Amino acid sequence: MSLSDEELPFEEAAEAELAAALRQEKADPAGEQPVEEADPVQVLERERDEYLLALQRTQADFENYRKRITRMQDEQSARASSDLVAKLLPVLDTLDLAEAHLNESLEVSDESKALRAARAMLMDILTKEGLERVDQRNVPFDPPVHDAVAHSEGEAGDTETMVDEVLRSGYRWKGQPLRPAMVRVRG
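Heads up: the sequence shown runs through residues 628 to 814, numbered per the numbering used here.
1. Quick one: what does DSSP say Gln763 is sitting in, helix, strand or coil?
2. Can you check which of these residues, Glu690, Glu644 and Gln686, is closest to Glu672 by C-alpha distance?
3. Determine the burial state of Gly802: buried for a count of at least 16 other Cβ atoms within 10 Å of its Cβ, exposed for fewer.
4. Could you work out which residue in Val812, His773, Tyr678 and Leu805 is closest to Ser779 when comparing CA atoms only?
5. Quick one: using the 10 Å Cβ neighbour count with 16 as the cut-off for buried, is Val790 buried or exposed?
6. The alpha helix (DSSP H) that contains Leu733, what's its start and end?
7. What does DSSP give as the partner residues of Arg813 in its beta bridges?
8. By Cβ distance below 6 Å, which residues in the same chain neighbour Ala707 in space, the five residues on each side in sequence not counted?
9. Under a three-way DSSP split, which group does Pro771 fall into?
10. Assess contact between the stretch 680–687 and the stretch 711–723, defined as three or more Cβ pairs (one per stretch) separated by less than 8 Å. Is contact present?
11. Mind checking Trp800: buried by the 16 CB within 10 Å criterion, or exposed?
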């Protein structure tokens, strides 16, 4: 049972014509046809179909290449931004320690206000870009998110290991763990 060219999509019709032409050539391996019997229109149509198929394959290959390059550029950009934020984490740690020291001294000077404002601005910018701080207490211990450096005994009824104290904040960048929080666990 054969479908007409009108029932097949254009690409399938061209492939069917090319396949039929190839079958015809295989049936006559010598390829000797009398010059009188060769129809120049059919020869030109076959060449056209071959060129059309080659063009369609080339277009598909180029589209796949373009998508692959775009995906690779996006991944490289994400890695570069993640690396930059990871290099800024010690600066955030230092600013956190300075703020904790200022909170203990209860000194309200222009320098302390400027330091707090600078830290808040940096955190706001990084948070808007995708940085999340991991410093919650009394949450279940999660190894990719928490790095347990100390252990304390829990209550008798505790069945789950919980974060007791956060010793150094951890961070996530766009949902992926960037640096685990250094914690003491109980349980």
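Think of the CB as a built atom: it goes at the ideal place given N, C-alpha and C, for glycine as much as any other residue. The structure displayed is predicted, hence computed values, not measured ones.
If we stick to the structure as given:
1. Locating residue 763 in the sequence shown gives position 136, counting from the first residue. Note: Gln763 maps to coil in three-state DSSP.
2. Position 45 of the sequence shown, counted from the start, is the residue given in the question as residue 672. Checked all of Glu690, Glu644 and Gln686; the closest Cα to Glu672 is Glu644.
3. The sequence position of residue 802 within the sequence shown is 175, counting from 1. Gly802 is exposed by the Cβ-count criterion.
4. Locating residue 779 in the sequence shown gives position 152, counting from the first residue. Looking at the Cα atoms, Val812 is the closest of the given residues.
5. As a working mapping, residue 790 is identified with position 163 in the sequence shown. Looking at its Cβ environment, which holds 16 or more other Cβ atoms inside 10 Å, Val790 is buried.
6. Here residue 733 refers to the residue found at position 106 when the sequence shown is read from its first residue. Looking at the DSSP string, Leu733 is not in any alpha helix (DSSP H), and its letter there is neither H nor E.
7. Numbered from 1 along the sequence shown, position 186 holds the residue referred to as residue 813. Its beta-bridge partners are Ser779 and Met789.
8. Translated into positions along the sequence shown, residue 707 becomes position 80. Contacts found: none.
9. Within the sequence shown, residue 771 is the residue found at index 144, counting from 1. Coil, per DSSP.
10. no
11. Locating residue 800 in the sequence shown gives position 173, where the first residue counts as 1. Classification for Trp800: buried.
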